[in-house]
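Position 109 (the sequence shown) corresponds to 124 in the working numbering; numbering is contiguous.
C-beta atoms are modelled at their ideal positions from N, C-alpha and C, and glycine is treated no differently.
Just so we're clear, the structure is a prediction, and the values are computed from it rather than from any experiment.
Written below as structure tokens is the structure these notes are about.
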Amino acid sequence: MTEHNRDALPNTQVPEPRISPEVTDDEPDDGDDDDASDSGLDSESLYSDSTSLSSSVTRYREENGRRYHAYGITEHWGPNDEQAQEQQDLSHHLWTLSLNGKLYLPPIDHLQDVLDMGTGTGIWAMDVADAHPEATIKGIDLSPIQPSWIPPNLKFEVDDYNLEWLDHNKFDLIHARELLGTVPSWPEMYRKVLGALKPGGWFQQADPQILLTSSFDTLGPDHVYHQWNPLLLDSGKKAGLDFDSAPHMKDWLEEAGFINVTEYRVPWPIGTWPKDPHQREIGAFNQVRIEQGVVDFCGRRLTNNLGWSRVQLEVFAASMRSAVKNNKLLAHHYVWFAYGQKPPASH
């Protein structure tokens, strides 16, 4: 398959960003909350028995003034505090803009069972559950930060996708987004995804490419944009994790046994410099996303794996924010979408 550009994507209405109530308590409530009672929801309906919502799950780690997950075998780079949750919801709007309003790309006529890997705040899973009330949606994440008011066809589980999966031949669609730098072995991950899909089911993954580029020709080698890519690659390598997985997704999916694999590479401008209104909108949101989320993206790796101090991190983040605000740099990066199908039983 050859790569496609954004113009090949279907043009549908783009939804507005959605802000949902969030779980803020470290401990699960005791079921006496009026809202929870009115909704008919409790911890049993929100989280699976496969991992109970115990104190060990919510005994979060504090690093450099940010809060991180406690559960799981892999140290995820992203915080899970309120600031990070706001950034995740903003990112969801960007990803949806990139697909011109669509939530997924595979040609699926009737959704029945859907899995969202690394669901985060659960915003994608909630949108799919609202759009497909006939389907059953499950979102898994290392942190129970999802809202308590959710569609009746949606449930969340505290789980780690790097562990062995219990579901086999179950899902019509498995969705993954922004998993870069969190998976020790992509071939192993795709093997588990393939096994969890029903014959003929689909997997879609979307990840950003971390390489930041500029059309401004006079950027020197010491410019912060030229530092960003090697720093993340080096810190990820020392953690045994790959931050440059996005351009390789299609090849790895085909090697794992997926068929009908398709990929799209979509430019994300940084700033409001594009003349095209759609690209300018993406650039405006992306500018805010990076400005607010730069420490989210790199802080844990640079301090834990490269030995940076908190002061070094803040100085670097300030340089990044300054560059991101500069529309004259004509900066951008790419995001990648790849999806493939598990061979049908008769294949």
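Cβ-based neighbour list, residue i, same chain, cut-off 6 Å, excluding 5 preceding and 5 following
i	result
residue 127	150 and 187
residue 153	130 and 170
residue 158	84 and 95
residue 103	135 and 136
residue 274	356 and 358
residue 253	320
residue 207	180
Beta-carbon proximity of residue i to residue j, cut-off 8 Å
i	j	result
residue 111	residue 118	yes
residue 350	residue 70	no
residue 155	residue 132	yes
residue 272	residue 209	yes
residue 276	residue 338	no
residue 250	residue 184	no
residue 13	residue 228	Since the displayed the chain opens at 16 and closes at 362, residue 13 lies outside it and no answer follows.
residue 268	residue 355	yes
residue 316	residue 247	yes
residue 343	residue 231	yes
residue 166	residue 145	yes
residue 335	residue 303	no
residue 161	residue 191	no
residue 87	residue 311	no
Neighbourhood of residue i by C-beta, 7 Å cutoff - its chain only, sequence neighbours within 5 removed
i	result
residue 199	89, 177, 255 and 256
residue 260	195, 201 and 222
residue 295	287 and 289
residue 79	314, 318, 325 and 328
residue 323	317
residue 307	102
residue 332	309 and 310
residue 74	85
residue 143	118, 129 and 152
Residue i, enclosing beta strand (DSSP E) - first and last residue
i	result
residue 282	274-285
residue 130	128-132
residue 351	346-356
Residue i, enclosing alpha helix (DSSP H) - first and last residue
i	result
residue 300	292-320
residue 187	Not the alpha helix (DSSP H): residue 187 falls in the beta strand (DSSP E), residues 186-192.
residue 150	That residue, residue 150, is in no alpha helix (DSSP H); it is neither H nor E in DSSP.
residue 329	325-339
Which of helix, strand or coil DSSP assigns to residue i
i	result
residue 155	strand
residue 258	coil
residue 139	helix
residue 120	coil
residue 271	helix
Beta-carbon proximity list for residue i, same chain, < 8 Å, skipping 5 on both sides
i	result
residue 76	82, 83, 84 and 85
residue 283	109, 113, 223, 297, 298, 301, 347, 348, 349 and 350
* Tell me the start and end of each unbroken alpha helix (DSSP H) in the segment 64-115 that is at least 4 residues and wholly inside, in chain order. => 97-113
* **beta strand (DSSP E) segments (min. 3 residues) lying fully within the segment 197-266** => 212-223
* To do: Could I get the ranges of all uninterrupted beta strand (DSSP E) runs contained in the segment 164-188, with 3 residues as the minimum, in chain order?
  => 169-173
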